[in-house]
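**Student:** What follows is a structure written as structure tokens; I'll ask about it next.
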Amino acid sequence: MSGADVFAMEPDEVHRSVEILFDVEAEVNRQTTELVQATTETAQTLADSDMAIGAALAEAAEWWNADRAGGFTSLCGNTGEYLAVCAEDAVEVDDYTAGDFASLADHDRYPGRANENASARPDW
Amino acid sequence: MNHPPESEYTQAEAYAPMEAAAADAVLALPDFPGFERRIWAELPCSHNGIDDSDYTSIEIDYEFSLENSGSDLVREAYTDALRDYWTSLGYEITDEYETERGDRVDRGLVVQREDGIVLWYRVVGIVSLTIQSGCVPVSDHGEIEYIPPTGGIEPGSENDLVEEYFPDGIPTDQAAAIDPFANAQAVGALVPFEAPGSYEDLL
Amino acid sequence: MSDMSWKDLRDLECANLRWVGESWKTYATAMVEQTERLRTDVVDGHLSIDNYESDTADTVREQIGLIGDRFEDDLSDYATIRVSTTMLETADALEAEQLELRELVGLIEDHDFEIEGDLHEYEVNPSAALHRAIWDLKPPEWLCDRVGIDRASAWYDLASQADALVHIKPVYDSAKELCGQYQDWLRAIMSRAHDADDDAAAALSAMKENPPELPPQFGATYDDLIDDYKTALTEEVAAEMEAIANGDTDMSPEQVNQWWEDLSDAEREALIAAHPEWVGPTDGIPTTARDTANRVLLDNEIDSLDDQIASIEAQLAGARGYDEGGSVDYDALQAELAALRQDRDDLASLQDQITDDEGNPATYDKTGQSYYLLGFGTEGSGQAIVSIGNPDTAANVNAYVPGTKADLGDASGGLMGRTETMARDAYKLDPGNETATILWLGYDAPDSVAPEAMQEEWAEGAAEDLESFTQGIRATGGEEPSNMTLTGHSYGTTVIGLAASSEGVDADNLILVASPGVTVDTADALGVESVYATTNDLDPIGWGSVHGADPTREAFGATEIESAPGGVSENNHSTYWNESNQTGRDAMAGVITGVAG
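What follows is the structure, given as structure tokens:
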């Protein structure tokens, strides 16, 4: 662990980390969405055959998408945004809120991450 | 009837004639290579279809080694020899069967004596001479006397599987008294489930 | 609840289910690559301590680790074990039933029968055309053959209508008998298919219940929440094991096995040590782990019974002094004491059976195999599941299911005697391949021939457990599946039959010994490749079956094993492993070891 007063940062490297976090977030979202859509279609055909597994599969896929994979991508995004704010000022950030990313981060670096999306997130 | 049919022996009494029957059978086997193991086991007895714990059925197994179990001498010649010998003694053949199993032929020869003792020459993967008592009244294990094994098995050795009846060990005075087949071929200890690389020459 | 019709099953594209299963497995692998990126490229790369050193940096690196770990656990527990495995197992199960169904429907159509009725109670009846053909004295060739009459002469030579009617009845009866067999078969197929569908749906639905928390997000409450998260993490494996053991997850034994294998050695050891009550009875956990846990449980149970006995003895001693006729129910306490002592003695006998003089697992010296305790209980007549040899590694597995009056006390007596005999017989027959022989008294057996053994409720109570047990043996058995046999004796065959036809059992062979019936009238309905049956000529069970057709009847379709009876004055219902039945013992051992003639 770092010492109490130690602080050293290569901001470009931290920004690269943020980009990877955002990329993982997007990639997982993309692949999950594809999988869940395909699964839901199959689930419907099973439900059409009056199989109990049809509805259960559709619900499970949706739950996975929203709660587990969705939870993971949300955490990736949140961590990336937090890091982005840290990198922007290159100081320790003690009181972080979601709005900080919207107001402080360098959005030229993260063009796909619009302010309006960030501000729609809950303020932790 | 509250119990299985009357038997001529109690459990404790049955071992001696059963072991004598085994020793007697061995005398009828030419070029005898020796048994590898002796086992004393028991099966439940039932009355009206329900197990009756006052009775038991003794099963004594004399097994050949896996190697000897694959020989024509043991699988075929001994079956014929025992059939002739037991028939000559007036024993009734109650069953004789043969089953082809891949590249080997299994068979069984069963005779029953008038005293109820059954002798079963069982030719399967491991060939054995099995002696069965039928249902006999259970005896306290303390009443059961050690009877040295026949067929070249060392009394009290790891191949003489009677330990559960003599938890304090084999009585040495009795164990030392025997070995009627001292010239029999020595056999190694059993190593279960360590199969040979090939059974082609064995079975 | 599954409402799939027979037509739905016939037309089902099982490949679609399998595709979903494979897709989720592939997806899980791809997602792990993403979490690897976080570890390799972020934590150990751009965000390494060389590039970013501070308390915040430590926190962020730890957070990314927690996020990645959480997602990987989720991918394993949910995407792979739950969704993928459920879909693949269901595809396999339904495809097996579909194959049988297609064969059956072909037979039904070939015989001019038709399927009618509600999807949970299908009927197979002669079609209107077949009715007409019979009444027009033109039954089809197959029906004439079945009845044993010559079609051309038998019908045209009839002198009168009365003669015709006399001949029609056996023809109808024969057609109806075959309809009945097909109906049993169809109902069994659909019962197993519905069971597979419902089980899969339950497993998928249960995965949403009580999932573990996600790590908290960065923000104002992070510092408050992260410690709670880490605390919960340390208790997570135990919580999952508890949910599995209690049946809350509806996971199949194969899924349980995957979950268990994903744990670290330390986690597994900790679970066995801290919660043997969850590990011991759970199908899908490897035999050695269950054995270790169950032996601890057995010790604990005996100690607990000793305490209860001592407590009641103290109460009774006190009552003798000053409370006779008072507040203490003396008779009730005496009865309770006797029951506790019986349980204690039975469990102690079981412990003696499986333990050597040094307190280690005992070996059955006749085959050189260890005893494994897979389960026990004192409910009703008592339960015991004991294996001679490790079924996880054996080439052959034979589970003996005993019948009426089987109880805990007998599990270390006569029942174990038969189990050991079967183990010896298998060893002799095929000494080069290990056979694990299991006494499966995993149910509360009937205590009396009448009325209890006349009822099917005991078998119904056992069916799911026997299904799960066979699936568990498969799950823990490794890559090469064993040759698995269920050998039932008497009511034990009814247990096997009901489980096989309604739930499905994962076995290669069934041996039905002295069967009073297996709840269906045809071996085809049992859904197992090879079915054998044997009843000796002097066994009174052969006088009339109670739970469906006698499985030794040719029409039932089982392969009959010859069994010789013992003495004519004896009841020969339980002599199948005795000195009277050498042929039968070798034949059964041949099936069990897979070297049947």
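Residue numbers (our numbering), protein chains in the order written: chain A, 2 to 125; chain B, 1220 to 1422; chain C, 82 to 678.
Backbone N, C-alpha and C define an ideal beta-carbon position, used for all residues, glycine too.
Since the model is a prediction, treat every value here as computed from it, not as a measurement.
1. Thinking just about the alpha-carbon of each residue, which of C/A429, C/S644, C/L267, C/L98 is nearest to the one in C/A604?
2. Does the count of Cβ pairs from the stretch 459 to 478 of chain C and the stretch 518 to 527 of chain C closer than 8 Å reach three?
3. Between which two residues does the beta strand (DSSP E) carrying B/D1280 extend?
4. From the DSSP output, read off the bridge partner residues of C/R120.
5. Entirely within the stretch 494 to 533 of chain C and at least 3 residues each: give me those beta strand (DSSP E) ranges in chain order.
6. At least one CB of chain A closer than 9 Å to the CB of C/F637: is that the case?
7. Starting from B/V1324 and walking both ways along the beta strand (DSSP E), at which residues does that stretch end?
8. Kindly list, in the order they appear in chain C, the residues whose Cβ is closer than 9 Å to that of A/N66.
9. Compare the beta carbon distance of C/T568 and C/L547 with 9 Å and say whether it is the shorter of the two.
10. Do three or more CB pairs link the stretch 362 to 369 of chain C to the stretch 326 to 338 of chain C at distances below 8 Å?
11. My output table needs one value for C/R151: the three-state DSSP class, helix, strand or coil.
12. Cβ of C/I466 within 9 Å of Cβ of C/Y445?
13. Between B/W1202 and B/L1380, which are expected to be in contact by the criterion C-beta below 8 Å, what is the C-beta distance as a whole number of angstroms?
14. So the alpha helix (DSSP H) A/W64 belongs to, where does it begin and stop?
15. Along the chain, which unbroken stretches of the alpha helix (DSSP H) at least 4 residues long are found entirely within the stretch 13 to 100 of chain A?
16. Helix or strand or just coil, what does DSSP make of B/D1314?
17. Determine, for A/D51, whether the minimum Cβ-Cβ distance to residues of chain C falls below 9 Å.
18. So with CB distances below 7 Å, who are the chain C contacts of B/Q1351?
19. Just grab the DSSP bridge partners of C/M565 for me.
20. Just checking: is the beta-carbon of A/S104 within a distance shorter than 9 Å of some beta-carbon in chain C?
21. Residues of chain C with a CB under 8 Å from the CB of A/F8: which are they?
22. Sort out for me which residues DSSP pairs B/D1379 with in a bridge.
23. Can C/T616 and C/G625 be called in contact, C-beta distance under 9 Å?
24. With 9 Å as the limit, tell me which residues of the stretch 216 to 227 of chain C have their beta carbon closer than that to any beta carbon of chain A; keep them in chain order.
25. Where do the ends of the alpha helix (DSSP H) carrying C/Q536 lie?
26. For the ligand ADP, is there any heavy atom lying closer than 8 Å to the beta carbon of C/D412?
27. For B/V1329, return the contacting residues in chain C, with the cut-off set at a CB-CB distance below 7 Å.
28. Is the beta carbon of C/W340 closer than 9 Å to that of C/M503?
29. Kindly confirm or deny that the stretch 34 to 47 of chain A and the stretch 56 to 65 of chain A touch, where touching means at least three C-beta pairs closer than 8 Å.
30. DSSP state of C/Q144, grouped into three classes?
31. Could you check whether the Cβ of C/V676 sits closer than 9 Å to any Cβ belonging to chain B?
32. Using 8 Å for Cβ pairs, my map puts B/G1353 next to B/S1265. What's the rounded Cβ distance?
33. Closer than 7 Å by beta-carbon distance: list the chain C residues that pair up with A/N79, in chain order.
34. Take C/L454 as the anchor and find which of C/R371, C/H212, C/D154 has the nearest alpha-carbon.
35. Under 8 Å by Cβ, that's how I've got A/F8 and A/E93 pegged, so tell me the actual separation to the nearest angstrom.
36. Please state if the CB of C/V124 and the CB of C/L156 are separated by a distance shorter than 9 Å.
**Tutor:** Once the coordinates are examined:
1. C/L267
2. yes
3. Secondary structure note for B/D1280: its beta strand (DSSP E) is the uninterrupted segment 1269 to 1282.
4. Note: C/R120 sits in no beta bridge, so no partner.
5. Secondary structure within the stretch 494 to 533 of chain C: the beta strand (DSSP E) runs of 3 or more consecutive residues, fully enclosed, are 516 to 522 (chain order).
6. no
7. Here the beta strand (DSSP E) through B/V1324 covers 1323 to 1331.
8. Correct list: empty, because the minimum Cβ distance to chain C is about 11 Å.
9. no
10. yes
11. helix
12. no
13. Outside the displayed span of chain B (1220 to 1422) sits residue 1202 of chain B, for which this structure offers no information.
14. It spans 53 to 64 - the alpha helix (DSSP H) in which A/W64 sits, taken as one unbroken run.
15. 53 to 64, 71 to 90
16. strand
17. yes
18. E660
19. C/V478
20. no
21. E134, S135
22. Answer is B/R1257, bridged to B/D1379.
23. Contact: no.
24. none
25. Looking at the DSSP string, C/Q536 is not in any alpha helix (DSSP H), and its letter there is neither H nor E.
26. Among the ligands in the structure shown, none appear at all, so the ligand ADP cannot be discussed.
27. Q663
28. no
29. yes
30. helix
31. Yes, C/V676 lies at the interface with chain B (some Cβ there is under 9 Å from its Cβ).
32. Contact doesn't hold; Cβ gap of about 12 Å is too wide.
33. Q298, F299
34. C/R371
35. 6 Å
36. no
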